[in-house]
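Residue numbering for the first sequence follows the numbering used here, beginning at 1 and increasing consecutively.
Heads up, the beta-carbon is just placed ideally off N, CA and C, and yes, glycines get one too.
Below is one structure, written out as structure tokens; comments come after it.
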Amino acid sequence: MPELPEVETIARNLREGNGSPPIPGQRIVSFSTDWPRHVAHPSLHTFNRRIQNREIVDVKRRGKYLVFPLDHETLLIHLRMSGDLRLAPSQDPKDRFDHTIFSLDNGWDLRFSDARKFGRVSLYEDPEVVLGRLGPEPLAPDFTHDRLANMLHARKRNLKPLLLDQSFLAGLGNIYTDEALHQAGLHPLRRSDSLTKVEVKRLWRSIRESLNMGIRHNGASIDWVFRGGDFQRHFRVYKREGEPCFKCGTQIQRTVVGGRGTHFCPRCQSEDQL
DNA sequence: TAAAATGTTGGGTA
DNA sequence: ATACCCAACATTTT
């Protein structure tokens, strides 16, 4: 479920509280998991020992990571493909996907639900060890189109796989990449070093507008309807194979690029530009 | 029933 | 070093 807008939505809800108490200020009184591989670092034993009695000071996001600065060390959670984080009263029954649970001192649980079990939690004294490998934040003020131009021109890669590379740019996933490329009118296989200044600026604006639109709609993910996220009703190409492009009416095509399903309009994002 | 799925990583190849 | 491709991870949904 999670790309940047979904992770941002989760972080905001946890931080502000949304039908549940805000997380900052709460203390973790116990930790349990029925899927030990959720714990990526340090060892399960060490993680369990060090997480006890830590106060959660804040909830932030970096790329697709949820970042919880604690009174000592920092907890990182990555939702991968199917993860979700939500607060529930401790006495509420767990559902079958609630694999990892942080019990808080206010009677609530922070529950990591994860059907496919790809998600990871970790604890670092210096989270930059992990977060420092990420590319820039696409919504940060210092992410200018000039900077994007320099980044693109320094590489010779197809646009779609490059935009999905988290060490290039942090936060885009398969949905928002397809959406941004369509809005920019760029073919997914276009080489990064061939973009003109005008095209870079269009891509830059499209990336930011797609992500902001996702955040405005509280995320896109299909399974998120119950949480109010409804961006999936606004997809321009993703999951719309065979349906008409809203801009020109041509049928949206689906191909595979870099092993990922890729949706685009063969007219608005013509192969002629390759 | 087979195929695809919002992500990442590691291995092999060129 | 750069770039590409595929398998793996584990399970649900279409």
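Simplified DSSP assignment, three categories, for residue i
i           : result
residue 75  : strand
residue 217 : coil
residue 41  : strand
residue 255 : strand
residue 137 : coil
residue 200 : helix
residue 235 : coil
residue 205 : helix
residue 273 : helix
residue 118 : coil
residue 49  : helix
residue 210 : helix
residue 167 : coil
residue 131 : helix
Same chain, Cβ closer than 6 Å to residue i, five either side skipped, listed in chain order
i           : result
residue 267 : 248, 250
residue 174 : 260
residue 217 : 230, 231
residue 149 : 200
Beta-carbon proximity list for residue i, same chain, < 8 Å, skipping 5 on both sides
i           : result
residue 131 : 62, 63, 65, 67, 76
residue 153 : 192, 193, 195
residue 106 : 21, 26
Opposing strand residues paired with residue i [DSSP bridges]
i           : result
residue 31  : 102
residue 55  : 27
residue 113 : 84, 98
residue 124 : 74
residue 108 : 89
residue 67  : 60, 76
residue 36  : In DSSP, residue 36 forms no bridge with anything.
residue 244 : 251
Sequence-distant residues of its chain with Cβ nearer than 7 Å to residue i (five each side left out)
i           : result
residue 222 : Low per-residue confidence applies at residue 222: pLDDT is 49, beneath 50, and the placement is therefore not dependable enough to give any value.
residue 16  : 22
residue 143 : 136, 137
residue 271 : 187
Cβ separation of residue i and residue j, assumed to be a contact under 8 Å, to the nearest whole Å
i           : j           : result
residue 110 : residue 102 : 4 Å
residue 10  : residue 28  : Their Cβ separation, rounded to whole angstroms, is 18 Å, which puts residue 10 and residue 28 out of contact at 8 Å.
residue 184 : residue 172 : 13 Å between Cβ atoms; not a contact.
residue 257 : residue 197 : Rounded, the Cβ-Cβ distance is 25 Å, inconsistent with contact.
residue 41  : residue 122 : 4 Å
Residue range of the unbroken beta strand (DSSP E) whose run includes residue i
i           : result
residue 187 : Where residue 187 is concerned, there is no enclosing beta strand (DSSP E), given that its DSSP letter is neither H nor E.
residue 289 : Beyond the ends of the chain as shown, which are 1 and 274, falls residue 289; an answer cannot be given.
Boundaries of the alpha helix (DSSP H) in which residue i is found, first to last residue
i           : result
residue 160 : 159-164
residue 172 : Element bounds for residue 172: n/a, residue is neither H nor E.
residue 5   : 4-16
residue 147 : 145-153
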